[in-house]
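These notes concern the structure reproduced below.
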Amino acid sequence: MPIPFIAHLINLSPVFYEKYVFTNIQKYILLIILFYLLKKCFSGTNNKADRRFNGSVFLITGGTSGIVRSCSDSWTIDYINDLRARTNNHMIFAETCNLSSLYSIRQFATKWIDNIPPRRLDMLLKMVLNYIGEEMLGSYGFGIPSKRISFITSLEIRISNYKRPDEFPNNVRCYVVDPGFVRSHMTLRFLSFGSLWGLLLYIIMWPLWYIVLKSCKQGAQSLLYCIMSSECGTGQGGKLIVKCSMRDISTKKYINSDISSNLWKITETYIMDVEKKEAIKRNILKKKHKLPESFIFPIESTSSQSVKAIHDTFRFGLKSSELNINSHHDLEIFLRRWKHEEHESKMELLNRIFGISELVRRKMELKIIDSEFRPIIFGNSSNIHHDILTGNDSSIDIDEIFLGDEDCFVDFHILNDSFYSIIIQA
Numbered sequence: 002m003p004i005p006f007i008a009h010l011i012n013l014s015p016v017f018y019e020k021y022v023f024t025n026i027q028k029y030i031l032l033i034i035l036f037y038l039l040k041k042c043f044s045g046t047n048n049k050a051d052r053r054f055n056g057s058v059f060l061i062t063g064g065t066s067g068i069v070r071s072c073s074d075s076w077t078i079d080y081i082n083d084l085r086a087r088t089n090n091h092m093i094f095a096e097t098c099n100l101s102s103l104y105s106i107r108q109f110a111t112k113w114i115d116n117i118p119p120r121r122l123d124m125l126l127k128m129v130l131n132y133i134g135e136e137m138l139g140s141y142g143f144g145i146p147s148k149r150i151s152f153i154t155s156l157e158i159r160i161s162n163y164k165r166p167d168e169f170p171n172n173v174r175c176y177v178v179d180p181g182f183v184r185s186h187m188t189l190r191f192l193s194f195g196s197l198w199g200l201l202l203y204i205i206m207w208p209l210w211y212i213v214l215k216s217c218k219q220g221a222q223s224l225l226y227c228i229m230s231s232e233c234g235t236g237q238g239g240k241l242i243v244k245c246s247m248r249d250i251s252t253k254k255y256i257n258s259d260i261s262s263n264l265w266k267i268t269e270t271y272i273m274d275v276e277k278k279e280a281i282k283r284n285i286l287k288k289k290h291k292l293p294e295s296f297i298f299p300i301e302s303t304s305s306q307s308v309k310a311i312h313d314t315f316r317f318g319l320k321s322s323e324l325n326i327n328s329h330h331d332l333e334i335f336l337r338r339w340k341h342e343e344h345e346s347k348m349e350l351l352n353r354i355f356g357i358s359e360l361v362r363r364k365m366e367l368k369i370i371d372s373e374f375r376p377i378i379f380g381n382s383s384n385i386h387h388d389i390l391t392g393n394d395s396s397i398d399i400d401e402i403f404l405g406d407e408d409c410f411v412d413f414h415i416l417n418d419s420f421y422s423i424i425i426q427a
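Here it is, written out as structure tokens:
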């Protein structure tokens with residue numbers, strides 16, 4: 002044994018070694034084994050299922066806290082650009098849906114359903130605490146067969162009884178996932194009571210929380226099992242998933258149809274009342290400040306507001322929708338038409354060289370740039386990033402010719418030649 006040999010070298014007596022050293026080592030080994038067993042017991046089961054989701058679409062509510070991931074970068078534009086660069090995927094875009102506003106949920110869901118071409122949705126993960134918001138998004142928003150949704154068993158029964166128009170079997174299943182007690186930011190706030198003294202107590206008791214509570218990765222194992230397991234994709238749903246295994250919901254109040262119906266009626270009434278109040282406030286705001294219709298009520302479109310150019314490209318081909326010109330100045334009309342035709346020819350050339358993905362990438366970036374804040378001191382002209390994406394970084398702009406005060410005749414060719422002569426001299 003190496004330890005007795007080392008003890009002999011440093012002239013330790015066998016009595017001292019057996020009485021102190023060996024006894025302490027036994028205690029430490031027992032404590033380490035006990036710590037490992039407790040941690041293993043509270044950590045739960047790991048997910049062993051695996052599945053590829055290429056081209057799948059997931060909608061997650063409450064995905065920026067808890068067991069999913071930390072909150073995304075507050076600078077959304079920079080975050081999306083970095084995400085495109087890391088994944089080499091230029092089809093990434095951002096959309097807005099505020100779960101605390103029923104009007105925002107209705108807008109988002111309506112655009113999703115009425116989108117052309119139709120959007121696919123493979124899975125809806127509801128993990129947010131806002132009951133009314135996620136209930137409206139899940140039931141009304143995405144056309145689930147029955148609106149009378151309250152508990153998962155009632156929803157599963159109604160989905161199973163739903164008959165599709167094409168008479169094919171229904172492929173929608175619902176499950177409840179219990180991740181257990183997770184050591185997340187929400188748990189920290191709950192255990193600390195939102196106070197500094199509670200936070201200090203949490204730090205002191207952190208070794209206990211480390212053993213008893215799961216990490217975010219361990220808490221997500223049951224959720225990953227529900228997503229990836231082949232058992233959840235077949236058979237009947239309406240079950241509870243705990244520790245990567247399916248169990249039947251045995252509590253009677255969760256499968257009571259009367260409670261489900263009453264809860265849905267209350268929820269439906271509350272949603273209608275809140276939507277009416279929000280509509281009244283919007284109308285009052287519109288009349289008070291005399292805001293345009295498009296400011297309060299967004300303009301109707303055949304695609305999502307955040308990615309309008311993408312679906313218009315797929316729908317109308319390489320050419321955009323009809324150019325609307327709202328001006329009474331002949332020079333401005335001429336310039337707008339000229340720039341529009343020039344832009345269409347450039348887009349057609351890019352499509353021949355790089356394919357349609359280049360058009361989609363440029364139009365998504367243009368949509369993001371248009372939403373950027375631009376101080377009024379800079380005027381109404383576009384920034385250099387916008388000019389590069391549209392191919393107008395070396396062309397003449399309307400703001401450089403027409404300021405709105407000219408009443409005399411303007412010779413376009415003379416101004417154009419003078420503008421390019423300035424560029425050549427520079």
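Numbering (this note's numbering), first residue to last: 2 to 427. All C-beta atoms in this analysis are idealised placements derived from N, C-alpha and C, irrespective of residue type, glycine included. Quick caveat, the model's predicted, so the values are computed rather than measured.
Exposure label - residue i; buried when at least 16 CB within 10 Å
{"i": "P180", "result": "buried"}
{"i": "L38", "result": "exposed"}
{"i": "A110", "result": "buried"}
{"i": "K215", "result": "buried"}
{"i": "M348", "result": "buried"}
{"i": "L360", "result": "buried"}
{"i": "V58", "result": "exposed"}
{"i": "G45", "result": "buried"}
{"i": "K434", "result": "Residue 434 cannot be examined here, being either before or after the span of the chain that is shown, 2 to 427."}
{"i": "I205", "result": "exposed"}
{"i": "I33", "result": "exposed"}
Cβ distance (whole Å) where residue i is taken to contact residue j below 8 Å
{"i": "F473", "j": "M365", "result": "This structure leaves residue 473 out entirely; the chain is present only between 2 and 427."}
{"i": "C175", "j": "G238", "result": "5 Å"}
Euclidean distance between Cα positions of residue i and residue j
{"i": "L35", "j": "Y211", "result": "14 Å"}
{"i": "K41", "j": "K240", "result": "26 Å"}
{"i": "L103", "j": "I370", "result": "27 Å"}
{"i": "C233", "j": "L264", "result": "27 Å"}
{"i": "T62", "j": "I26", "result": "50 Å"}
{"i": "E136", "j": "I228", "result": "20 Å"}
{"i": "D115", "j": "T268", "result": "25 Å"}
{"i": "T188", "j": "C245", "result": "22 Å"}
{"i": "E345", "j": "S358", "result": "16 Å"}
{"i": "L138", "j": "L60", "result": "10 Å"}
{"i": "N47", "j": "K218", "result": "10 Å"}
{"i": "L390", "j": "L367", "result": "7 Å"}
{"i": "F191", "j": "Y203", "result": "10 Å"}
{"i": "R337", "j": "L224", "result": "53 Å"}
{"i": "I133", "j": "I285", "result": "25 Å"}
{"i": "I272", "j": "R283", "result": "17 Å"}
{"i": "F296", "j": "N99", "result": "Confidence is the limiting factor: at F296 the pLDDT is only 45, short of 50, which leaves the residue's position unreliable and the question unanswerable from this model."}
{"i": "A50", "j": "R120", "result": "27 Å"}
{"i": "L31", "j": "S262", "result": "55 Å"}
{"i": "L209", "j": "L200", "result": "14 Å"}
{"i": "E96", "j": "R85", "result": "15 Å"}
{"i": "D79", "j": "N89", "result": "15 Å"}
{"i": "V173", "j": "L122", "result": "11 Å"}
{"i": "K287", "j": "H186", "result": "40 Å"}
{"i": "L350", "j": "E342", "result": "13 Å"}
{"i": "N352", "j": "M124", "result": "33 Å"}
{"i": "I260", "j": "Q222", "result": "31 Å"}
{"i": "K28", "j": "V213", "result": "22 Å"}
{"i": "G56", "j": "L197", "result": "46 Å"}
{"i": "M247", "j": "K289", "result": "56 Å"}
{"i": "K266", "j": "I281", "result": "23 Å"}
Three-state class that DSSP yields for residue i in the structure shown
{"i": "R121", "result": "coil"}
{"i": "F36", "result": "helix"}
{"i": "F182", "result": "coil"}
{"i": "L241", "result": "strand"}
{"i": "F43", "result": "helix"}
{"i": "T97", "result": "coil"}
{"i": "K127", "result": "strand"}
{"i": "L60", "result": "strand"}
{"i": "K49", "result": "coil"}
{"i": "R174", "result": "coil"}
{"i": "S346", "result": "helix"}
{"i": "M273", "result": "helix"}
Closest Cα partner of residue i within the set the options
{"i": "R362", "options": "C245, W207, P208 and N82", "result": "N82"}
{"i": "V178", "options": "C217, L126 and I260", "result": "L126"}
{"i": "P231", "options": "A221, F54 and K112", "result": "A small correction: the amino acid at residue 231 is Ser; Pro does not occupy that position in the sequence shown. Out of A221, F54 and K112, F54 has the C-alpha closest to the C-alpha of S231."}
{"i": "D388", "options": "I33, K289 and K340", "result": "K340"}
{"i": "F355", "options": "I281, D51, H91 and S105", "result": "H91"}
{"i": "M128", "options": "T88, L122 and G220", "result": "G220"}
{"i": "S101", "options": "L350, E279 and K289", "result": "E279"}
{"i": "V275", "options": "F43, P118, R85 and S105", "result": "S105"}
{"i": "R1", "options": "N352, E342, K289 and K277", "result": "Given a span of 2 to 427 for the chain in the structure shown, any question on residue 1 remains unanswerable."}
{"i": "K52", "options": "R248, Y226 and K266", "result": "Per the sequence shown, residue 52 should be read as Arg rather than Lys. Comparing Cα positions, the closest option is Y226."}
{"i": "R1", "options": "V173, W207 and K287", "result": "This structure leaves residue 1 out entirely; the chain is present only between 2 and 427."}
{"i": "V243", "options": "L197, L351 and F182", "result": "F182"}
Beta carbon proximity, residue i to chain B, threshold 9 Å
{"i": "L360", "result": "Reference to chain B is not applicable here, since this structure consists of a single protein chain."}
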